[in-house]
Amino acid sequence: MSTDDEDDAIFKALSHRTRRYLLDALKPAPLTTGMLCDLLPDQDRCTVMQHLKVLEQAGLIVVERRGRERWNHLDALPIHAIHERWIGPYAAYAASMLSRLKQQVEA
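The structure is reproduced here in structure tokens:
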């Protein structure tokens, strides 16, 4: 997968509120798929599994199988890469624009 394809997969994964909720739930510690399903009682297990598959394909979670359980671990490195590639440079650009505006207003 190319970098653009990887970025697309990450943005797709982050575009759904349920998947963002699952990532937030995994921040403190890894959870089993059953535990994650329990956090979403309004969704059936199959739907939660589909969301987890999208997150796994995007590289945002790593699945470890222990016996019959699937432990889901957050992998924040792809999000960090998005920040480095997209958010950081645009934030710096916005800050420089505000700095120039401030200088113009104060002049």
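If you're matching positions, the sequence shown starts at 149 in the numbering used here and goes up one per residue. Ideal Cβ positions, reconstructed from N, Cα and C, are used throughout, including at glycine.
>> Less than 7 Å separating the Cβ of E154 from some heavy atom of the ligand SAM?
In response: The model depicted lacks the ligand SAM and carries no ligand whatsoever.
Enclosing alpha helix (DSSP H) for L187 [first to last residue]: Here residue 187 corresponds to residue number 39 of the sequence shown, with the count starting at 1. Element bounds for L187: T181 to L187.
- Can you grab the Cα-Cα spacing for the pair R213 / P176, in whole Å? Counting from 1 along the sequence shown, the entry for residue 213 is found at position 65. Counting from 1 along the sequence shown, the entry for residue 176 is found at position 28. Distance between the alpha carbons of R213 and P176: 19 Å.
**Message:** Taking only three categories from DSSP, how would you classify R216?
**Reply:** Here residue 216 corresponds to residue number 68 of the sequence shown, with the count starting at 1. In this structure, R216 counts as coil in the three-state DSSP scheme.
Q.
Excluding the 5 residues flanking V219 on each side, which residues of the same chain have their C-beta closer than 6 Å to its C-beta?
A. For the purposes of this step, residue 219 is taken as the residue at position 71 of the sequence shown. In the sequence under discussion, the amino acid at residue 219 is Trp, which differs from the Val named in the question. Cβ within range, chain order: P178, T180 and E212.
- Query: What's the C-alpha gap between L174 and V253?
  - Reply: Residue 174 sits at position 26 when you count from the first residue of the sequence shown. Residue 253 sits at position 105 when you count from the first residue of the sequence shown. C-alpha separation (whole angstroms): 46 Å.
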